[in-house]
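A.B. asks:
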Amino acid sequence: MRTTVGIIGAGPAGLLLARLLHGAGIGSVVLESRDRAYVEQRQRAGILEQGTADVLRAAGAGERMDRQGLRHDGIELRFAGRRHRVDFPGLTGGRSVTVYAQTEVCKDLIALQAEEGGPLLFGAEALAVEGATGDRPSVRYRHEGRESVLECDYVVGCDGFRGVAREAVPAALARVHERTYPFGWLGVLADVPPSHDELVYARHDRGFALLSMRSPAVSRLYLQVPADTDARSWTDEAVWDELARRLETDDDWSLARGPITRKSVTPMRSYVHEPMRHGRLFLAGDAAHIVPPTGAKGLNLAVGDVVTFARALTHRRETGSAELLDAYSATCLRRVWQAERFSYDLTTMLHRAPDATPFEDRLQLARLDRITTSRAAEADLAEAYTGFPVG
Ligand SMILES: Cc1cc2nc3c(=O)[nH]c(=O)nc-3n(C[C@H](O)[C@H](O)[C@H](O)COP(=O)(O)OP(=O)(O)OC[C@H]3O[C@@H](n4cnc5c(N)ncnc54)[C@H](O)[C@@H]3O)c2cc1C
């Protein structure tokens, strides 16, 4: 098989890229190792920056998001029993975020691809990217028990943190920056209306907690837990008791409980692979970088990368100039590092390290206090949360 752009991975990065290229009249083939049901049900991100929502709309994938997504104009910070609302539009000149699950973004993009896009092969596992530095890179893959080769002009590795695309960059040319955290998130989905209408980020001496939502009827809640925690070791009652403790306030707010339908533990990691391009192989999304989920940046960064690639390739086709393709890695990394910085700052401000000293505890409280008393500090958080410009 032959195509212009071979895309490995049908997560949000690969699916959106296929859509953007289709809109620009550029052919692509998407190879996805898992089946459709798995991809459509994998629980992950839920916060779309304003820029991400705008990109989805412009790509024709915003209709259901605009009907079912929840516009959020702020978040609440909780610490030492206090509550403080950060007002996004007031601090950023009108920006907001949309709560719409990654599962739904993927379903919408898959449906569009099936209707009018190029080939999207489920159960097609990429084995290796070959010839990245030549004119004809290719992807060797296995589909329905047979090995085949997809010949391309360009390959984009959208295959997530555990994919194979990154392996095609020689170790001697790669720089990897990584930090793992000594804690993870125990995440639960619960069939109960959210106990607050905006996300609540809580710093507590027992650890971090986050109250968020998937819809007006479904809550998504997280607890900081030790990195090696087995989700099955937490009973539903213990989850609710711990959430109630960490989210407690000095007023009469209370947490509504309901049946928990899903429980899992996510490790926390910061990771950047530089450069994000090797010859005609481009890395996008989690294949190139990971942020801890605290800042809700992972999906949004993936969107930024593929928008940058699609623009660069369109520019190349229209003008013959490879200038934007050559700048791809540097352009993406500038935004990636801002998201890494923000996610790290928010994580270390809100989570309690196992070996935290009383001095570090007081510093966390001072950082939170600063946000609640300085408009500049609060605006900095609101700007970063609602999104860095793409490109
Ligand atoms: C619990 C949790 C909460 C999160 N919350 C947020 C949030 O609120 N906001 C936010 O922006 N981000 C969040 N994220 C991060 C976000 O989910 C990821 O950054 C996003 O999924 C990245 O998209 P991607 O397309 O780059 O990679 P992925 O979604 O990982 O997709 C990669 C795809 O490639 C496929 N693949 C892998 N290897 C191969 C292969 N060899 N051949 C073919 N296909 C392959 C995989 O099956 C997968 O479908 C969260 C993540 C987690 C885990």
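In our numbering, the protein residues as written are 150 to 540. Glycine included, every Cβ here is placed at the ideal spot set by N, Cα and C. These numbers come from a predicted model, not from an experiment.
Taking 8 angstroms as the cut-off, does the segment 439–455 touch the segment 475–486 (at least 3 CB pairs, one atom from each stretch)?
C.D. replies: Contact holds: three or more Cβ-Cβ distances are below 8 angstroms.
A.B. asks: Please indicate yes or no: does the CB of Pro-442 lie closer than 7 angstroms to some heavy atom of ligand 1?
C.D. replies: Your numbering for residue 442 matches position 293 in the sequence shown. For ligand 1, at least one heavy atom lies less than 7 angstroms from the Cβ of Pro-442.
A.B. asks: For the candidate residues Asp-518, Val-367 and Val-178, whose alpha-carbon lies nearest to that of Ser-344?
C.D. replies: As a working mapping, residue 344 is identified with position 195 in the sequence shown. Minimum Cα distance to Ser-344 is reached at Val-367.
A.B. asks: Excluding five sequence neighbours on each side, which residues of the same chain lie with their C-beta closer than 6 angstroms to the C-beta of Phe-357?
C.D. replies: The sequence position of residue 357 within the sequence shown is 208, counting from 1. For Phe-357, where only same-chain residues beyond five positions count, the Cβ hits under 6 angstroms are Gln-373, Leu-499 and His-500.
A.B. asks: Between Thr-480 and Thr-457, is the Cβ-Cβ spacing less than 8 angstroms?
C.D. replies: Reading the sequence shown from its first residue, position 331 is the one you call residue 480. Reading the sequence shown from its first residue, position 308 is the one you call residue 457. For Thr-480 and Thr-457, yes; Cβs fall inside 8 angstroms.
A.B. asks: Span of the alpha helix (DSSP H) holding Ala-224?
C.D. replies: For the purposes of this step, residue 224 is taken as the residue at position 75 of the sequence shown. According to the sequence as given, residue 224 is Ile; it is not Ala. First-last for Ile-224: 223–228, but that is the beta strand (DSSP E), not the alpha helix (DSSP H).
A.B. asks: Identify the continuous alpha helix (DSSP H) that holds Asp-494 and give its terminal residues.
C.D. replies: As a working note, residue 494 is residue 345 in the sequence shown. 477–499 is the span of the alpha helix (DSSP H), which, as asked, contains Asp-494.
A.B. asks: From Asp-284 to Tyr-303, what distance separates their C-alpha atoms?
C.D. replies: For the purposes of this step, residue 284 is taken as residue 135 along the sequence shown, with counting starting at 1. For the purposes of this step, residue 303 is taken as residue 154 along the sequence shown, with counting starting at 1. So the alpha carbons of these two residues sit roughly 8 angstroms apart.
A.B. asks: Could you have a look at Gly-306 and say whether DSSP puts it in helix, strand or coil?
C.D. replies: In the sequence shown, counting from the first residue as 1, residue 306 sits at position 157. The answer is strand: DSSP assigns Gly-306 an E or B state.
A.B. asks: Can you tell me which residues form a DSSP beta bridge with Leu-432?
C.D. replies: The residue labelled residue 432 in the question sits at position 283 within the sequence shown. Answer is Gly-306, bridged to Leu-432.
A.B. asks: Answer with buried or exposed for Asp-340, where buried requires no fewer than 16 other C-beta atoms within 10 angstroms of its C-beta.
C.D. replies: Counting from 1 along the sequence shown, the entry for residue 340 is found at position 191. It counts as exposed.
A.B. asks: Near Asp-257, which residues of its chain fall below 6 angstroms by C-beta distance, leaving aside the five closest residues on each side in sequence?
C.D. replies: Numbered from 1 along the sequence shown, position 108 holds the residue referred to as residue 257. Cβ within range, chain order: Ala-210 and Arg-213.
A.B. asks: Might you give, ordered along the chain, the residues of its own chain that have their beta carbon closer than 7 angstroms to the beta carbon of Gln-513, omitting 5 neighbours on each side?
C.D. replies: The residue given as residue 513 occupies position 364 in the sequence shown. Here the set comprises Arg-352 and Met-498.
A.B. asks: Which of the three DSSP states, helix, strand or coil, is assigned to Phe-357?
C.D. replies: Here residue 357 is taken as the residue at index 208 of the sequence shown, counted from 1. Reduced to three states, the DSSP call for Phe-357 is coil.
A.B. asks: How would you call Ser-470, buried or exposed, if buried means at least 16 neighbouring beta carbons within 10 angstroms?
C.D. replies: Counted from its first residue, the sequence shown places residue 470 at position 321. Answer is exposed; the Cβ neighbour count stays below 16.
A.B. asks: In terms of residues, what are the limits of the beta strand (DSSP E) holding His-292?
C.D. replies: By 1-based counting over the sequence shown, the position of residue 292 is 143. Looking at the DSSP string, the run of the beta strand (DSSP E) that includes His-292 is 287–292.
A.B. asks: Comparing alpha-carbon positions, which option in Glu-279, Thr-329, Gly-266 and Arg-324 lies nearest Pro-441?
C.D. replies: Position 292 of the sequence shown holds residue 441. Residue Thr-329 is the option with its Cα nearest to Pro-441.
A.B. asks: Taking 7 angstroms as the line, does the beta carbon of Ile-157 fall inside it for any heavy atom of ligand 1?
C.D. replies: For the purposes of this step, residue 157 is taken as the residue at position 8 of the sequence shown. It does: the Cβ of Ile-157 is within 7 angstroms (strictly closer) of some heavy atom of ligand 1.
A.B. asks: Classify Pro-286: buried if its beta carbon has 16 or more other beta carbons within 10 angstroms, exposed otherwise.
C.D. replies: Along the sequence shown, read from residue 1 onward, the residue named residue 286 stands at position 137. It is buried - the Cβ of Pro-286 has at least 16 other Cβ atoms within 10 Å.
A.B. asks: With H, G and I counted as helix, E and B as strand and the rest as coil, what does DSSP make of Leu-276?
C.D. replies: Taking the first residue of the sequence shown as position 1, residue 276 is located at position 127. Strand.
A.B. asks: Use the C-beta contact count for Arg-151: other C-beta atoms within 10 angstroms, 16 or more gives buried, fewer gives exposed.
C.D. replies: By one-based count along the sequence shown, residue 151 stands at place 2. Exposed, since its Cβ has fewer than 16 Cβ neighbours within 10 Å.
A.B. asks: What is the residue span of the beta strand (DSSP E) that Thr-389 lies within?
C.D. replies: Counting from 1 along the sequence shown, the entry for residue 389 is found at position 240. Inspection of the sequence shows that residue 389 is occupied by Trp rather than by Thr. That residue, Trp-389, is in no beta strand (DSSP E); its alpha helix (DSSP H) goes 385–395.
A.B. asks: For Leu-322, count the other beta carbons within 10 Å of its own beta carbon; 16 or more makes it buried, fewer makes it exposed. Which is it?
C.D. replies: As a first step, residue 322 must be located in the sequence shown, where it is residue number 173. Leu-322 is exposed by the Cβ-count criterion.
A.B. asks: If you compare alpha carbons, which of Leu-170, Arg-369, Phe-332 and Glu-347 is closest to Thr-194?
C.D. replies: Reading the sequence shown from its first residue, position 45 is the one you call residue 194. The sequence shown places Ala at residue 194, not Thr. Looking at the Cα atoms, Arg-369 is the closest of the given residues.
A.B. asks: When you compare each of Ser-478, Leu-495 and Gly-172 to Glu-265 by their alpha carbons, which one comes out closest?
C.D. replies: In the sequence shown, counting from the first residue as 1, residue 265 sits at position 116. Nearest C-alpha to Glu-265: Gly-172.
A.B. asks: Could you check what DSSP says for Gln-406 in three-state terms: helix, strand or coil?
C.D. replies: Against the sequence shown, residue 406 aligns to sequence position 257. It is worth fixing the name first, because residue 406 is Arg in this sequence and not Gln. If DSSP states are grouped into helix, strand and coil, Arg-406 belongs with coil.
A.B. asks: Tell me whether Gln-190 is buried or exposed, calling it buried when 16 or more other Cβ atoms sit within 10 Å of its Cβ.
C.D. replies: Position 41 of the sequence shown, counted from the start, is the residue given in the question as residue 190. That one is exposed.
A.B. asks: May I have the straight-line CA-CA distance separating Arg-381 from Ile-175, to the nearest angstrom?
C.D. replies: Along the sequence shown, read from residue 1 onward, the residue named residue 381 stands at position 232. Along the sequence shown, read from residue 1 onward, the residue named residue 175 stands at position 26. One C-alpha to the other measures close to 46 angstroms.
A.B. asks: Any idea what DSSP makes of Gly-561, helix, strand or coil?
C.D. replies: This structure cannot speak to residue 561, because the chain is shown only from 150 to 540.
A.B. asks: May I have the straight-line CA-CA distance separating Leu-226 from Asp-435, to the nearest angstrom?
C.D. replies: What you label residue 226 is simply residue 77 of the sequence shown in a count that begins at 1. What you label residue 435 is simply residue 286 of the sequence shown in a count that begins at 1. Approximately 28 angstroms between the Cα atoms of the pair.
A.B. asks: Closest to Leu-165 by C-alpha separation, out of Ala-186, Pro-375, Ala-202 and Tyr-187, would be which residue?
C.D. replies: As a first step, residue 165 must be located in the sequence shown, where it is residue number 16. Per the Cα distances, Ala-202.
A.B. asks: Measuring CB to CB, does Gly-309 end up less than 8 angstroms from Val-278?
C.D. replies: Counting from one through the sequence shown, the residue named residue 309 turns up at place 160. Counting from one through the sequence shown, the residue named residue 278 turns up at place 129. Not in contact: Gly-309 and Val-278 (Cβ atoms no closer than 8 angstroms).
A.B. asks: In whole angstroms, give me the CA-to-CA distance for Asp-236 and Met-417.
C.D. replies: As a working mapping, residue 236 is identified with position 87 in the sequence shown. As a working mapping, residue 417 is identified with position 268 in the sequence shown. Near 27 angstroms, if we compare the C-alpha coordinates of Met-417 and Asp-236.
A.B. asks: Have a look at the DSSP bridge pairing and note the partners of Ser-364.
C.D. replies: Taking the sequence shown and counting its residues from 1, the one referred to as residue 364 is at position 215. Partner(s): Val-367.
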